[in-house]
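Structure first, commentary second.
Residue numbers (the working numbering): 1 to 244.
Right, here's the structure in full:
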């Protein structure tokens with residue numbers, strides 16, 4: 001409940017005090033305060049349980065990093081694949097409109113690109129290291145199946161703050177909420193999961209493609225094909241190793 005209070009409270013306060021003209025500051029402040037607040041909560045919880053603050057409690061490990069990424073990327077194959085199929089049905093322009101972040105406008109500078117990578121990287125860290133890995137490690141005495149389900153349910157109420165925005169995306173809940181929690185259960189590594197999340201975050205790839213200016217359509221299509229291939233190769237590698 002304290003995590004919900006921090007996430008929703010910081011979002012409400014920042015949106016109230018900042019105007020739309022400061023949208024990048026709004027985004028940065030929201031995720032920054034959320035990150036700091038949840039980190040402090042994690043420290044408090046560990047203190048109460050007489051445990052040390054270790055990176056491994058957030059799934060930050062070298063072990064199984066490769067398997068973590070491959071498994072998360074393989075399971076999320078339908079995301080870029082459906083977008084690739086959708087491009088043939090509705091056209092690239094419709095996909096670009098759907099992927100475009102509301103705050104982004106041409107031209108996209110190198111500074112905006114760096115901001116986007118850091119921004120979604122921080123979102124991924126909060127969403128998967130703090131909201132999935134950390135509670136899973138604390139629930140070590142509980143049945144893993146129950147832990148995965150419970151974490152996925154709680155995660156669904158935090159990601160995109162659906163109680164404020166109304167954005168309760170079934171795709172996000174299934175892939176990022178449930179399946180990625182299961183991936184953590186299998187690998188105990190959140191770093192690979194964050195990387196797989198970035199691979200599938202379409203608004204981030206819109207920003208990357210927009211760097212090419214007038215060639216954004218070609219760039220977005222090439223990157224989309226690349227993302228599909230990465231996911232498919234992940235499936236093949238896991239099948240060959242009998243990991244799936």
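Ideal Cβ placement from N, Cα and C applies to all residues, glycine included.
Beta-carbon separation (whole angstroms), residue i vs residue j, contact threshold 8 Å
i           : j           : result
residue 135 : residue 206 : Not quite, the Cβ-Cβ distance comes to about 31 Å (not below 8 Å), so this is no contact.
residue 108 : residue 210 : 4 Å
residue 217 : residue 92  : 5 Å
residue 152 : residue 178 : 4 Å
residue 194 : residue 125 : 6 Å
residue 176 : residue 122 : The Cβ separation is near 15 Å, so there is no contact.
residue 131 : residue 150 : In fact, because the Cβ distance is near 12 Å, the residues do not count as touching under 8 Å.
residue 233 : residue 185 : Rounded, the Cβ-Cβ distance is 23 Å, inconsistent with contact.
residue 221 : residue 139 : Contact doesn't hold; Cβ gap of about 42 Å is too wide.
N-terminal and C-terminal residue of the alpha helix (DSSP H) that residue i is part of
i           : result
residue 172 : Premise fails: residue 172 is in no alpha helix (DSSP H) and is neither H nor E.
residue 156 : 144 to 156
residue 160 : Premise fails: residue 160 is in no alpha helix (DSSP H) and is neither H nor E.
residue 93  : 92 to 99
residue 111 : 110 to 124
residue 212 : Neither: residue 212 is in no alpha helix (DSSP H) and is coded neither H nor E.
residue 130 : No alpha helix (DSSP H) holds residue 130; DSSP gives it neither H nor E.
residue 200 : 191 to 200
residue 52  : Unbroken run through residue 52: none, as it is neither H nor E.
residue 187 : 180 to 187
residue 68  : 65 to 75
Residue j beta carbon less than 8 Å from that of residue i
i           : j           : result
residue 113 : residue 208 : yes
residue 67  : residue 187 : yes
residue 74  : residue 191 : no
residue 79  : residue 160 : no
residue 60  : residue 119 : no
residue 57  : residue 183 : no
residue 202 : residue 83  : yes
residue 40  : residue 46  : no
residue 63  : residue 242 : no
residue 197 : residue 128 : yes
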